[in-house]
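A.B. asks: In the working numbering, the protein residues as written are 4 to 124. Positions of the beta carbon are idealized from the N, C-alpha and C atoms, including for glycine.
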């Protein structure tokens, strides 16, 4: 079973984002979190590779049209890769770019390399 959690420094901030969700959104997010404990995200939801290590994903939350779950898989570790929760994001605008910026901040990276997923540059 894979660990699915925010980085300790951002735990409270991510938890606060979840607390602000409606009940249907919380139920959808909980479903995704349970799935992530045992399965990798759908490759179609992949945004790209950050710093040749972190696979960034944005997942549509079932029952929650306007919000997505952003996460990073730490591929430098042994499988199953740890899943770092980056938080919730509005599905408006460039979702992958917003997730990339959030991951850069959470992981304290400075000018990291970025390889967008096919068709998402």
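Using only the alpha-carbon positions, how far apart do residue 53 and residue 105 sit?
C.D. replies: In the chain shown, counting from the first residue as 1, residue 53 sits at position 50. In the chain shown, counting from the first residue as 1, residue 105 sits at position 102. Straight-line Cα distance between these residues: approximately 11 Å.
A.B. asks: Do residue 5 and residue 83 have their CB atoms nearer than 8 Å?
C.D. replies: Counted from its first residue, the chain shown places residue 5 at position 2. Counted from its first residue, the chain shown places residue 83 at position 80. Their beta carbons are under 8 Å apart, which means residue 5 touches residue 83 by this criterion.
A.B. asks: Can you have a look at residue 46 and say buried or exposed, based on whether 16 or more other CB atoms are within 10 angstroms of its CB?
C.D. replies: Indexing the chain shown from 1 puts residue 46 at position 43. Under this definition residue 46 is an exposed residue.
A.B. asks: Could you give the uninterrupted runs of the alpha helix (DSSP H) lying entirely in the stretch 22-102, keeping only those of 4 residues or more?
C.D. replies: Counting whole runs of 4 or more residues, the stretch 22-102 contains the alpha helix (DSSP H) stretches 26-39.
A.B. asks: Taking the alpha carbon of residue 110 as the reference point, which residue from 60, 89, 23 and 15 has its own alpha carbon closest?
C.D. replies: Reading the chain shown from its first residue, position 107 is the one you call residue 110. Measuring from the Cα of residue 110, the nearest candidate turns out to be 89.
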